[in-house]
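In the UniProt record's numbering, the protein residues as written are 1 to 421. What follows is a single structure, written as structure tokens, with notes after it.
Now the structure itself:
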């Protein structure tokens, strides 16, 4: 199949672990997995460097086309909306001579441009939102920096897309609340490189008897402050936080300063280490060095950190939000806690530090779950099933294998709620 992936602001060629986080990694890994299966894959992303070649052929075999839309420089994601018309016009012209059979748009702004271009050729468009504006606005309120038009555009996209791939059941339920028919939604999560994130292999050095790890962008919603507040109840344990600013900028980062002040106020400044941004390739060693991983955001669309930790055989203490509701099995691969509850976090962590058998048992169960459900080979297989459903080909029998039992259980109550409103 000839497939176009549109990822306007998150280039698959960018360094993993950068500001675009999970979406950049998702697009890169999905494109590679599809190419390995013999499909012709082209990723369209905005040009952010005037010296970058227009087209790049990657080692896995997919192409990247850099689209001239706006100034050829990095822009904050929320400031690229004015350039989407230019982006869509480029796609339409490009597809006059290089037409895909199907377009998969990632994020709502990419979907706007893709719909604009694909409509002229009647090319089916499927969409992965990665995050929904309604959920972000609900949790972040005035801190939400998204354009005011985001929610309106997402509703429009949802009505026009041939199919929507939700990365979690939680997101799928929200889409049903928005009025999207359940039969046009499939739950297809993001994945993990299970060849790199494994229990075996080298681990980063540590000095403390026990180590807890948090990872991700240094944002207040990530719950790193909750982890710091839990530390007084966990003597003999160090907390390592990986994420945020790079190199020398760590000391000047506002969230880093806030967390260090908080650690000092809690009397645990000597047991809390902030590493700044850690390369994606170094993360498996860091996960393996931890006794347990804390993934305790107040709000999170998916929750890749929990999956990577589980792939490395580490138990997780997680908040029951977003994709972690699907990934973590309470009492089997980890423990769910309420958001913003440091005492509960400490109570959940303590048995894991005291019981090596429990740590290993939960870690092994988590690793098995990720390898069975979240490998990129498995994610690509489920994604292709959606493609064949949206753009039928002689191989479309694969689409009949797509089953979302979890969505069926959750969508009906959500639709009833939406109707009542």
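Just so it is clear, CB atoms sit at the ideal spot from N, CA and C, and this is done for glycine as well.
Given residue i as reference, the closest of the options once Cα atoms are compared
i: residue 192; options: 369, 387, 78; result: 369
i: residue 347; options: 232, 365, 179, 273; result: 232
i: residue 385; options: 49, 98, 304, 164; result: 164
i: residue 329; options: 367, 312, 151; result: 367
i: residue 325; options: 170, 10, 157; result: 170
i: residue 343; options: 289, 280, 172, 234; result: 234
i: residue 117; options: 90, 136, 134, 101; result: 90
i: residue 427; options: 311, 373, 323, 392; result: Nothing in the structure corresponds to residue 427, since the chain is present only between 1 and 421.
i: residue 25; options: 39, 43, 37; result: 43
i: residue 156; options: 136, 173, 132; result: 132
i: residue 154; options: 242, 135, 64; result: 135
i: residue 183; options: 159, 198, 104; result: 159
i: residue 149; options: 186, 355, 79; result: 79
i: residue 152; options: 305, 130, 112, 185; result: 112
i: residue 331; options: 354, 365, 180, 98; result: 365
Euclidean distance between Cα positions of residue i and residue j
i: residue 227; j: residue 208; result: 17 Å
i: residue 341; j: residue 230; result: 8 Å
i: residue 146; j: residue 76; result: 11 Å
i: residue 339; j: residue 205; result: 30 Å
i: residue 4; j: residue 57; result: 14 Å
i: residue 337; j: residue 45; result: 38 Å
i: residue 138; j: residue 224; result: 20 Å
i: residue 260; j: residue 240; result: 12 Å
i: residue 96; j: residue 121; result: 8 Å
i: residue 283; j: residue 375; result: 17 Å
i: residue 424; j: residue 359; result: There is simply no residue 424 to check, as the chain begins at 1 and stops at 421 in what is shown.
i: residue 23; j: residue 323; result: 14 Å
i: residue 255; j: residue 287; result: 22 Å
i: residue 85; j: residue 115; result: 11 Å
i: residue 280; j: residue 307; result: 14 Å
i: residue 119; j: residue 27; result: 23 Å
i: residue 110; j: residue 8; result: 5 Å
i: residue 13; j: residue 237; result: 38 Å
i: residue 16; j: residue 55; result: 20 Å
i: residue 105; j: residue 211; result: 39 Å
i: residue 87; j: residue 108; result: 13 Å
i: residue 6; j: residue 47; result: 13 Å
i: residue 392; j: residue 357; result: 50 Å
i: residue 195; j: residue 371; result: 10 Å
i: residue 185; j: residue 172; result: 7 Å
i: residue 219; j: residue 309; result: 20 Å
i: residue 305; j: residue 276; result: 16 Å
i: residue 29; j: residue 190; result: 9 Å
i: residue 103; j: residue 143; result: 32 Å
Neighbourhood of residue i by C-beta, 7 Å cutoff - its chain only, sequence neighbours within 5 removed
i: residue 222; result: 216, 297
i: residue 162; result: 124, 125, 126, 390
i: residue 49; result: 72
i: residue 317; result: 292, 294, 296, 334, 335, 337, 345, 348, 349
i: residue 21; result: 217
i: residue 174; result: 132, 134, 135
i: residue 39; result: 1, 3
Sheet register partners of residue i (DSSP bridge)
i: residue 87; result: Beta-bridge pairing links residue 87 to no other residue.
i: residue 214; result: 241
i: residue 319; result: 337
i: residue 40; result: 2
i: residue 330; result: 334
i: residue 294; result: 317
i: residue 192; result: 375
i: residue 187; result: 166
Residues near residue i by beta carbon distance below 8 Å, same chain, minus five either side
i: residue 396; result: Unreliable positioning characterises residue 396 in this predicted model, as indicated by a pLDDT of 49, which lies under 50. The coordinate reading is nonetheless provided below. Around residue 396: 388, 389.
i: residue 266; result: 228, 229, 231, 232
i: residue 285; result: 201, 202, 203, 204
i: residue 188; result: 128, 165, 166, 167, 379, 382, 383, 386
i: residue 321; result: 170, 297, 298, 299, 300, 303, 339
i: residue 140; result: 221, 299
Residues of its chain near residue i, where Cβ-Cβ distance is below 6 Å and the 5 sequence neighbours each way are ignored
i: residue 60; result: 32, 35
i: residue 213; result: 240, 290, 293
i: residue 52; result: 66
i: residue 11; result: 45
i: residue 455; result: The structure shown has nothing for residue 455, since the chain only spans 1 to 421.
i: residue 400; result: Any reading at residue 400 needs caution, since the residue's pLDDT is 46, under 50, leaving its predicted position unreliable; the model's value is listed next. No residues qualify anywhere along the chain.
i: residue 313; result: 199, 363, 367
i: residue 41; result: 3, 31, 34, 35, 62
i: residue 70; result: 83
i: residue 315; result: 292, 334, 352, 359, 362, 363
beta-carbon residue i near the ligand ZN non-hydrogen atom, thresh 6 Å
i: residue 301; result: Ligands in the displayed structure: none, and consequently the ligand ZN is not present.
Where are the alpha helix (DSSP H) runs, 4 residues long or more, that stay fully inside the segment 121-179, in chain order? The qualifying runs are 133-140, 150-160, 169-177.
Could you tell me which uninterrupted beta strand (DSSP E) segments, each at least 3 residues in length, are contained entirely in the segment 42-68, listed from first to last along the chain? 55-57, 63-67
Where are the beta strand (DSSP E) runs, 3 residues long or more, that stay fully inside the segment 95-125, in chain order? For the segment 95-125, whole beta strand (DSSP E) runs of length 3 or above, ordered along the chain, are 102-106.
Within the segment 254-292, ranges of the beta strand (DSSP E) (whole runs, at least 3 residues)
272-276
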